[in-house]
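**Student:** One structure follows; several queries about it will come next.
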Amino acid sequence: RAAGSSAALFTARALVTRTRFFVSLVLFIPVLALSLNVAWQFPGWQWLAAALSTVVALWGGWPFHRAMAAAMRRQMSALDGASSVAIIAAWLWSMGELVLGDAGRIGFTTSPTWFAFTYDRASPAELFFDVACGVTVLLLGGRLATRYNRIRTGAMLDILRIPAERQVTVVRKAGKSGSPEKLRVPIAELRIGEDVEVPPGQVIPVDGMVVGGASMVDARAVGGDAEPQQAKVNSRVWAGSLNLDQRLKVRVARTGSQTRAAAIQRWVQTAIREEDDAHQIAVRSASLLVPWVMVLALVAFAIWWLVSGAAGGAMSVALAMLVGIAPVAQAMSTSTALRIGILGGANRGLLLRGADTFHNLAQADSVLFNRVGTLTQGEMHVLDVAAAEGENAELVLRVAGALVVESDHPVSMAVVRACRVSRDQDTGGDIPHWIDVSHPEITEDGAFVGQVELPVRTSDGQMENRMVEARLWRPRDMSALDEHMAVAALAGGTPLVLSWRGRVRGVITVGDDIKPDAVDAVDAPEDMDVDTVMITRDPYPVARRFADRIGIARVLAGITQNRKPAAVRGLRVGGETVVMVGGPDVAACLRTADVG
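The numbering used here numbers the first residue of the sequence shown as 1052 and each following residue consecutively.
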């Protein structure tokens, strides 16, 4: 029982068993079929229905009646008190009609009446055996489903809970010799960048990258695929995944509270707390509502009987009030659904923070897609290198590669890969394989700037190496380019402009493939009358051409990385409820949007 002045007695969980539910369900089905189908009402059917419903209403509903009786003795309210009264009232009324009224006559039939106002004084006797059985079965089924959900939640949290004191095998360099050795250390002592060995049959303890071995991994508990997938070198794995058949070596990226499993655990626990809070509300509301509902049901019965003269209609109104006003169901249904939704989402790779996510999704009118890595594969490659008049395309490519070599953006990585291919094929002639950059930096608008040593023609016509400032940027418009360079920039793909000594030297165009499901991802919200928008740093002509290929309605072009959150805020200020779709590179946008 709950403490305090607004206390209510709980139904004993130990009495709500699967046997009680399934027996009640099996007996309820023929009662319902006989009550609703006149053609099946053979002579004496009502007595069979009475016998079956007696077992369901009294034995099946015993946990609720027991709690109701105990609450009355203690002058308290029972959490399922109104439902218990409805079951007993429906059963007693029906038995009374059988024993004292015309309903017990062999050959009696009755058809269901769906609305109370269709009853009149001449209406035949009304039996409510189906109501008594139906309420009992629903209560038992609901309690078992809630219990199963709690057990499932606990089991999932147990899987995700990786003790910090658990010993794992880590490969570390030993002493001054630097030779690797295997040590057994607690998970709490692991450091990012270390390599952990995971034997088959064990749960992976960290988020990281596979650097050795290959094995089938079951990642369902942390939102992976429904079927086990092969993890090999360079595959990403998550803490809480089960290594199935071969030994793996995993390089640590995140441990402890930073892992994906820990995030799921925190969010599920938040949902549980919300449900527990709702349960307390249910307890308080039950202590106040249940007595009043019983009084109102009695008053409604009397008024309907006096006005219509139809006792059956009056009873149906009273039962509807007792069954319909269920404070437990009203208070707990939302939180229970949220917990089931969060668990189901987590098992399908969706981590939902809480109720506001569902509410905001329901109100969404714009879906904003980041382009690179979201609508495209993210594996970019150089399409073309266009050099300005008098410049060398290989030199343009290698200077650009030197400027972006430290960046992990897909565009930068594509340029660096192209430089390495050029070096391996030795297509640059006398151009150095690699160009050193000093004082590299990234400006606020995302441009790469640095000092590079390049051959420069002096005033007397001689060539000598000098340090010059080079700049690589993605143009927002074509105003800084001459006609030849502008045409190259708009030829297709994402343009990168390289300049040094204040003059544009060339344009590098990079591109990537559209994801196979990108068109479907865009069509889905469009089919629900939700606008689709793409945000990208590319100039508008390039962005518009890409958007038209997959059917996106609007484009926000020329938006640099640091200005994308402001663009999302602008949409929200304009009255739109924004769903942002993107990867870690737009994490700030994901936080800014209504749903990320």
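Quick reminder that beta carbons are idealized off the backbone N, C-alpha and C, glycines included.
Counting pairs of Cβ atoms below 8 Å between the segment 1579-1588 and the segment 1406-1424, do you hit three or more?
**Tutor:** Enough Cβ pairs lie closer than 8 Å, so yes.
**Student:** Rank V1319, V1301, V1107 by C-alpha distance to the C-alpha of P1250 and give the top, closest one.
**Tutor:** Indexing the sequence shown from 1 puts residue 1250 at position 199. Here the closest residue by C-alpha is V1301.
**Student:** State the CB to CB distance for the pair T1427 and D1564, rounded to an integer number of angstroms; the pair is presumed to be in contact (CB under 8 Å).
**Tutor:** Mapped onto the sequence shown, residue 1427 falls at position 376. Mapped onto the sequence shown, residue 1564 falls at position 513. 6 Å between Cβ atoms; contact.
**Student:** Compute the distance between the beta-carbons of S1086 and A1100, then report whether it is under 8 Å.
**Tutor:** Counting from 1 along the sequence shown, the entry for residue 1086 is found at position 35. Counting from 1 along the sequence shown, the entry for residue 1100 is found at position 49. In contact: S1086 and A1100 (Cβ atoms closer than 8 Å).
**Student:** Could you give the distance in angstroms between the alpha-carbon of A1348 and the alpha-carbon of W1356?
**Tutor:** For this step, residue 1348 is matched to residue 297 along the sequence shown. For this step, residue 1356 is matched to residue 305 along the sequence shown. Annotation: A1348 to W1356 spans about 12 Å, alpha carbon to alpha carbon.
**Student:** Could you tell me which residues DSSP pairs with T1545 in its beta bridges?
**Tutor:** Position 494 of the sequence shown holds residue 1545. Note: T1545 sits in a beta bridge opposite V1561.
**Student:** When the Cα of C1470 is compared with those of A1498, V1436, V1222, G1497, which residue comes out closest?
**Tutor:** Against the sequence shown, residue 1470 aligns to sequence position 419. Among A1498, V1436, V1222, G1497, the Cα nearest to that of C1470 belongs to V1436.
**Student:** Straight-line CA distance for A1121 to S1075?
**Tutor:** Here the question's residue 1121 lines up with position 70 in the sequence shown. Here the question's residue 1075 lines up with position 24 in the sequence shown. Approximately 23 Å, taken between the alpha carbons.
**Student:** F1115: buried (16+ other C-beta within 10 angstroms of its C-beta) or exposed?
**Tutor:** As a working mapping, residue 1115 is identified with position 64 in the sequence shown. The residue in question, F1115, is buried, as its Cβ has 16 or more Cβ neighbours within 10 Å.
**Student:** By DSSP, does E1018 sit in helix, in strand, or in coil?
**Tutor:** Only positions 1052 to 1647 of the chain appear in the structure, and residue 1018 is not among them; the question remains open.
**Student:** Pop quiz: R1421 and V1629 are said to be a contact at Cβ under 8 Å. What is the actual Cβ separation, rounded to whole angstroms?
**Tutor:** As a position in the sequence shown, residue 1421 is number 370, starting the count at 1. As a position in the sequence shown, residue 1629 is number 578, starting the count at 1. Per the sequence shown, the amino acid found at residue 1421 is Asn instead of Arg. No, N1421 and V1629 are not in contact; Cβ-Cβ is about 12 Å, not under 8 Å.
**Student:** With contact counted as at least three CB pairs below 8 Å, one residue from each stretch, are the segment 1500-1511 and the segment 1555-1573 in contact?
**Tutor:** no
**Student:** Measure the C-alpha to C-alpha separation of A1617 and G1609 and round it to an integer number of angstroms.
**Tutor:** For the purposes of this step, residue 1617 is identified with residue 566 of the sequence shown, where counting begins at 1. For the purposes of this step, residue 1609 is identified with residue 558 of the sequence shown, where counting begins at 1. Looking at the two C-alpha atoms, the distance is approximately 13 Å.
**Student:** Who are the near neighbours of I1243 in its chain, counting only those whose CB is closer than 7 Å to its CB and skipping five residues on each side?
**Tutor:** Taking the first residue of the sequence shown as position 1, residue 1243 is located at position 192. Answer for I1243: V1303, A1304, listed in chain order.
**Student:** Determine the contact status of P1590 and R1527, defining contact as a CB-CB distance below 8 Å.
**Tutor:** Numbered from its first residue, the sequence shown carries residue 1590 at position 539. Numbered from its first residue, the sequence shown carries residue 1527 at position 476. Their beta carbons are under 8 Å apart, which means P1590 touches R1527 by this criterion.
**Student:** Counting C-beta neighbours from all protein chains within 10 Å, is the total for E1216 16 or more, i.e. buried, or is it exposed?
**Tutor:** Counted from its first residue, the sequence shown places residue 1216 at position 165. With fewer than 16 other Cβ atoms within 10 Å, it is exposed.
**Student:** Cutting at 8 Å between CB atoms, please list the residues of its own chain near A1173, excluding the five before and the five after it.
**Tutor:** Translated into positions along the sequence shown, residue 1173 becomes position 122. For A1173, the pLDDT reaches just 49, beneath the cut-off of 50, and the residue's location in the model is therefore unreliable, although a value from the coordinates is still provided. Cβ neighbours of A1173 beyond the five flanking positions: none.
**Student:** Taking V1619 as the reference, give the member of G1634, R1642, E1534 with the closest Cα.
**Tutor:** Against the sequence shown, residue 1619 aligns to sequence position 568. Out of G1634, R1642, E1534, R1642 has the C-alpha closest to the C-alpha of V1619.
**Student:** Can you tell which of G1557, D1487, S1530 has the C-alpha that lies nearest to the C-alpha of N1443?
**Tutor:** Position 392 of the sequence shown holds residue 1443. Measuring from the Cα of N1443, the nearest candidate turns out to be G1557.
**Student:** I'd like to know whether the C-beta of Q1320 is nearer than 8 Å to at least one C-beta of chain D.
**Tutor:** Note that chain D does not occur in the displayed structure, where there is just one protein chain.
**Student:** Taking 7 Å as the cut-off, does the CB of I1323 come closer than this to any heavy atom belonging to the ligand FMN?
**Tutor:** Because no ligand of any kind appears in the structure shown, any question about the ligand FMN cannot be addressed here.
**Student:** Check the C-beta distance from A1451 over to I1559 and give it rounded, since I have them as a contact under 8 Å.
**Tutor:** Here residue 1451 refers to the residue found at position 400 when the sequence shown is read from its first residue. Here residue 1559 refers to the residue found at position 508 when the sequence shown is read from its first residue. Confirmed, about 6 Å.
**Student:** Please state if the CB of R1588 and the CB of T1611 are separated by a distance shorter than 8 Å.
**Tutor:** As a position in the sequence shown, residue 1611 is number 560, starting the count at 1. As a position in the sequence shown, residue 1588 is number 537, starting the count at 1. Yes, Cβ-Cβ distance for T1611 and R1588 is below 8 Å.
**Student:** Suppose only complete runs of 4+ residues qualify. What are the alpha helix (DSSP H) ranges in the segment 1097-1156, listed by chain order?
**Tutor:** 1113-1124, 1132-1151
**Student:** Expressed to the nearest angstrom, what Euclidean distance is found between the alpha-carbon atoms of A1265 and N1200?
**Tutor:** The residue given as residue 1265 occupies position 214 in the sequence shown. The residue given as residue 1200 occupies position 149 in the sequence shown. Looking at the two C-alpha atoms, the distance is approximately 35 Å.
**Student:** Using CA atoms only, rank isn't needed, just tell me which of G1647, I1354, G1626, P1163 is closest to P1635.
**Tutor:** Taking the sequence shown and counting its residues from 1, one reaches residue 1635 at position 584. Residue G1647 holds the alpha-carbon nearest to the alpha-carbon of P1635 among G1647, I1354, G1626, P1163.
**Student:** What does the alpha-carbon distance come out to for the pair G1259 and Q1476?
**Tutor:** On the sequence shown, residue 1259 is found 208 positions in, with the first residue counted as 1. On the sequence shown, residue 1476 is found 425 positions in, with the first residue counted as 1. Going by the C-alpha atoms only, they are around 34 Å apart.
**Student:** Count Cβ pairs between the segment 1174-1184 and the segment 1357-1367 that sit closer than 8 Å; are there 3 or more?
**Tutor:** yes
**Student:** In whole angstroms, what is the alpha-carbon distance linking V1656 and Q1218?
**Tutor:** Nothing about residue 1656 can be read from this structure; the chain reaches only from 1052 to 1647.
**Student:** Are there 16 or more other CB atoms within 10 angstroms of the CB of N1516, so buried, or fewer, so exposed?
**Tutor:** Looking up residue 1516 in the sequence shown gives position 465. Burial check for N1516: the Cβ neighbour count within 10 Å stays below 16, so the residue is exposed.
**Student:** My output table needs one value for S1463: the three-state DSSP class, helix, strand or coil.
**Tutor:** As a first step, residue 1463 must be located in the sequence shown, where it is residue number 412. The answer is helix: DSSP assigns S1463 an H, G or I state.
**Student:** Given a cut-off of 8 Å, decide if G1501 and E1724 are closer than it, judged by their beta-carbon atoms.
**Tutor:** The structure shown does not extend to residue 1724, since the chain is modelled only from 1052 through 1647, so no value can be given for it.
**Student:** Alpha carbon to alpha carbon, how far is H1410 from R1324? Give it in angstroms, no decimals.
**Tutor:** Here residue 1324 corresponds to residue number 273 of the sequence shown, with the count starting at 1. Here residue 1410 corresponds to residue number 359 of the sequence shown, with the count starting at 1. When rounded, the distance between both Cα atoms is 19 Å.
**Student:** According to DSSP, simplified to helix, strand and coil, what is G1263?
**Tutor:** Sequence index remark: in the sequence shown, residue 1263 carries index 212 (1-based). Residue state, collapsed to three classes: strand.
**Student:** Ignore the nearest five residues each way along the sequence and tell me which others in V1089's own chain have a CB closer than 6 Å to its CB.
**Tutor:** Here the question's residue 1089 lines up with position 38 in the sequence shown. Sequence-distant partners of V1089 (beyond 5 residues in either direction) whose C-beta falls short of 6 Å from its own C-beta, in its chain, are T1160, S1162.
**Student:** Alpha carbon to alpha carbon, how far is S1473 from R1449?
**Tutor:** Position 422 of the sequence shown, counted from the first residue, corresponds to residue 1473. Position 398 of the sequence shown, counted from the first residue, corresponds to residue 1449. Roughly 9 Å separates the two Cα atoms.
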